[in-house]
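Asker: Residue numbers (numbering that gives the first Met the number 0): 0 to 121.
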Amino acid sequence: MSGSYLLDTNAIIYAINRKLLFPKGVYSASVITKMELLSWPQLTQEDEQKLRQILLGVNVVELLPAIQETTIKIRRATALKLPDSIISATAMSIGAILVTNDEKLRHRHVGESITLDELLGK
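1) Within the same chain, show all residues whose beta-carbon is closer than 6 Å to that of ALA28, passing over the 5 residues directly before and after it, in chain order.
2) The beta strand (DSSP E) that contains LEU97, what's its start and end?
3) Which runs of the beta strand (DSSP E) fall wholly inside the stretch 50-98 and span at least 3 residues, in chain order?
4) Ordered along the chain, which non-local residues of its own chain (more than five positions away) have a Cβ less than 7 Å from that of ASN100?
5) When you compare the CB positions of ALA88 and TYR4, do they come within less than 7 Å of one another, or not?
6) Just confirm the distance between the C-beta atoms of LEU19 and LEU119, as a whole number of angstroms; I'd bet it's less than 8 Å.
7) Measuring alpha carbon to alpha carbon, tell me which of ALA76, ILE15 and GLN52 ends up nearest LEU104.
8) What does the Cβ neighbour count give for HIS106, buried or exposed, with the cut at 16 atoms within 10 Å?
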């Protein structure tokens, strides 16, 4: 499977914990995902370095005005939490498949979404 994917926070964490390699593709993450990953209070310096290295390999998508407007519409329509609404809007705005293990987000995301295992072909 190759294409354009937006990685949710939990997909990145699961991949790191399971020492998985992503298949060929174009990977992005929302700036919200970057902030969630790097602001965890128990993050060690080693973990932070690992995360920053991973984030260098993906396109971090900023919270552009079009994403903000799409986020507002999604939040009103789905009652998703604001960070999840932003991640959903980001995937839609860049035309990417959302990769997440969050069932609530997957079912409320309007665009295409898959789990990490589906991405990895498991």
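Using N, Cα and C, we set each Cβ at its ideal position, and we do this for glycine too.
Answerer: This is what the structure holds:
1) Working through the sequence shown from its first residue, we reach residue 28 at position 29. The answer, listed in chain order, is LEU6, VAL57 and VAL59.
2) By one-based count along the sequence shown, residue 97 stands at place 98. Here the beta strand (DSSP E) through LEU97 covers 96-98.
3) 58-60 and 96-98
4) The count along the sequence shown starts at 1 and reaches residue 100 at position 101. Closer than 7 Å at the Cβ level, and outside the excluded window around ASN100, lie ASN9, ALA10, TYR13, THR114 and LEU115.
5) Sequence index remark: in the sequence shown, residue 88 carries index 89 (1-based). Sequence index remark: in the sequence shown, residue 4 carries index 5 (1-based). Cβ atoms of ALA88 and TYR4: not closer than 7 Å.
6) As a first step, residue 19 must be located in the sequence shown, where it is residue number 20. As a first step, residue 119 must be located in the sequence shown, where it is residue number 120. Between LEU119 and LEU19 the Cβ distance is about 6 Å, and since that is below 8 Å, they are a contact.
7) Mapped onto the sequence shown, residue 104 falls at position 105. Comparing Cα positions, the closest option is ALA76.
8) Here residue 106 corresponds to residue number 107 of the sequence shown, with the count starting at 1. Flag for HIS106 reads exposed.
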